[in-house]
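Heads up: the sequence shown begins at 167 in the numbering used here, then just goes up one per residue. What follows is one structure encoded as structure tokens, with my remarks underneath.
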Amino acid sequence: MDATRLDDTVALVTGANGDIGSAVATLLEARGATVVRSDIRPPKGAAADDFVTLDVTSEASWAEAVALVEQRHGALDILVNNAGIAPMARLDAMSLEDWRRCQQVNVEGMFLGLKVACDLLARSGPRRPGGASVVNLCSGASDKPSAFSAAYCTSKAAARMLTRVAAVEFATLGKPIRVNSVHPGVVESAMMDDILATFSRIAGGTPVETLRQGVAAGNPMGRFVEPAEVAEAVAFLASSASRYVHGDAIHVDGGYAAS
Ligand SMILES: NC(=O)c1ccc[n+]([C@@H]2O[C@H](COP(=O)([O-])OP(=O)(O)OC[C@H]3O[C@@H](n4cnc5c(N)ncnc54)[C@H](O)[C@@H]3O)[C@@H](O)[C@H]2O)c1
């Protein structure tokens, strides 16, 4: 049997309207999973059949979404905590409100997902070798600082630690749930377009295209990451092919973290 296949599994993906979330949902489906897409609001145009509105900062919203997944599909084998925001500002100009919102979405959202979904994940775990799988979207920013990103870098460093704590704690309690993180580098995405535009504004008007070229040139493999490449790492961690990988991190960044 091909352990990378996801047949007969049920996955919930947060932030699925975004560039990475939609690539992840599409690949998990292609590998055989039943995927429930979620986001803070329905996508523009027709929502997928299996869409649920989920604001990751709300415990009640998580409870409703997880209950709905169980009602519709009877199990939850894979949770992808992908929803995230990246407000950029100089430290001395960032509002406390923006700082808090970033921690709420990127860290508390992940905490609430782990907290609320862990019972259904644990009950679903015995269905597969390695058990249920949670994949948290962290970032190169979990380890490396960058200017004007205090809130984001701090939140992603916390998300990495939360991943490790959850892994150790679930193992201590004997819960059949693995927890790992994926750390993309600079992804071809609307989020990165916004980051570069804001960086250009704050840092004195360097043209966005010049910034893009500089970022790509500074990467060991010389280019941005494709969302589909991030999705491949998520699908591996979601699958039984990674059944003994727990509390770990995969960087998808062309060697940036190593450099
Ligand atoms: N784009 C990059 O270069 C990059 C690099 C490293 C890590 N990441 C991480 O990958 C993840 C996805 O990023 P992306 O590039 O697809 O961004 P994106 O902005 O395209 O997608 C993020 C999604 O999260 C949703 N979201 C925001 N707040 C939410 C909330 N409270 N509840 C539920 N959903 C909410 C948004 O509606 C959006 O659809 C994020 O966690 C991001 O930090 C992105």
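Backbone N, C-alpha and C define an ideal beta-carbon position, used for all residues, glycine too. None of these values were measured; they are calculated from a predicted model.
message = Distance check for residue 315 and residue 400, CA to CA, integer angstroms please.
response = Going from the Cα of residue 400 to the Cα of residue 315 covers about 24 angstroms.
Per DSSP, the bridge partner or partners of residue 343 = Under DSSP, residue 343 takes part in a beta bridge, and its partners are 298.
request  = Since I believe residue 344 is in contact with residue 412 (beta carbons under 8 angstroms), could you give me their beta-carbon distance rounded to a whole number of angstroms?
outcome  = By a beta-carbon distance limit of 8 angstroms, residue 412 contacts residue 344. Their separation comes to about 5 angstroms.
inquiry  = Using C-beta distances below 7 angstroms, list every residue in its chain close to residue 260, excluding the 5 sequence neighbours before and after it, in chain order.
reply    = These residues qualify, in order along the chain: 316 and 317.
request  = Identify whether residue 377 lies in helix, strand or coil by the three-state DSSP scheme.
outcome  = Three-state DSSP puts residue 377 in a helix.
ask   = Under 7 angstroms between the Cβ atoms of residue 227 and residue 234?
value = In terms of Cβ geometry, residue 227 and residue 234 do not form a close pair [threshold 7 angstroms].
key: Among 351, 356 and 364, the one whose alpha carbon lies nearest that of residue 395   = Residue 351 is the option with its Cα nearest to residue 395.
Neighbourhood of residue 271 by C-beta, 7 angstroms cutoff - its chain only, sequence neighbours within 5 removed = Here residue 271 has 222, 223, 249, 250 and 251 as same chain residues with Cβ atoms under 7 angstroms from its own Cβ, once five neighbours each way along the sequence are excluded.
task = Please report how far the alpha carbon of residue 269 lies from the alpha carbon of residue 404, in whole angstroms.
result = Straight through space, the alpha carbons of residue 404 and residue 269 are spaced by roughly 25 angstroms.
ask   = When the Cβ atoms of the region 327 to 339 are set against those of the region 380 to 392, are three or more pairs found closer than 8 angstroms?
value = By the Cβ criterion, the region 327 to 339 is not in contact with the region 380 to 392, since fewer than three pairs of Cβ atoms, one from each stretch, lie closer than 8 angstroms.
request  = Answer with buried or exposed for residue 298, where buried requires no fewer than 16 other C-beta atoms within 10 angstroms of its C-beta.
outcome  = The Cβ neighbour count for residue 298, taken over all protein chains shown within 10 Å, is at least 16; the residue is labelled buried.
query = Are the beta-carbon atoms belonging to residue 176 and residue 200 less than 7 angstroms from one another?
reply = It is a contact, given that the beta carbons lie within the stated cut-off.
inquiry  = Taking 7 angstroms as the threshold (C-beta atoms), are residue 232 and residue 286 in contact?
reply    = Yes, Cβ-Cβ distance for residue 286 and residue 232 is below 7 angstroms.
ask   = To the nearest angstrom, how far is it from the Cα of residue 301 to the Cα of residue 361?
value = Approximately 24 angstroms, taken between the alpha carbons.
message = Determine, for residue 347, whether the minimum Cβ-Cβ distance to residues of chain D falls below 7 angstroms.
response = Although the question refers to chain D, the structure presented lacks it and comprises just one protein chain.
message = For residue 327 and residue 184, what's the separation of their Cα atoms in angstroms?
response = Rounded to whole angstroms, the separation of the alpha carbons of residue 184 and residue 327 is 24 angstroms.
ask   = Would you say the beta carbon of residue 350 comes nearer than 6 angstroms to a heavy atom of ligand 1?
value = Checking every heavy atom of ligand 1 against the Cβ of residue 350, one is found closer than 6 angstroms.
query = Do residue 393 and residue 196 have their C-beta atoms closer together than 7 angstroms?
reply = Going by C-beta atoms, residue 393 is not nearer than 7 angstroms to residue 196.
message = Here's a check: name, in chain order, each residue in its chain whose Cβ is nearer than 7 angstroms to the Cβ of residue 255, leaving out the five neighbours to either side.
response = The residues are 264 and 314.
message = What does DSSP give as the partner residue(s) for residue 349 in the beta ladder?
response = For residue 349, which the question treats as bridged, DSSP gives the partners 417.
ask   = For residue 187, which option in 284, 330 and 348 has the closest C-alpha, if you only look at C-alpha atoms?
value = That would be 348, whose Cα lies nearest to the Cα of residue 187.
ask   = Once you ignore the five residues that flank residue 208 on each side, which residues in its own chain have a CB closer than 7 angstroms to its CB?
value = Scanning its chain for C-beta atoms nearer than 7 angstroms, with the 5 sequence neighbours on each side dropped, one finds around residue 208 the residues 217 and 219, in chain order.
inquiry  = I need the straight-line Cα distance from residue 409 to residue 370, nearest angstrom please.
reply    = Answer to the nearest angstrom: the Cα atoms are 48 angstroms apart.
ask   = Looking at the structure shown, is residue 247 part of a helix, part of a strand, or coil, going by DSSP?
value = Annotated three-state conformation of residue 247 is strand, per DSSP.
request  = Report the partner residues of residue 326 according to the DSSP bridge assignment.
outcome  = Beta-bridge pairing links residue 326 to no other residue.
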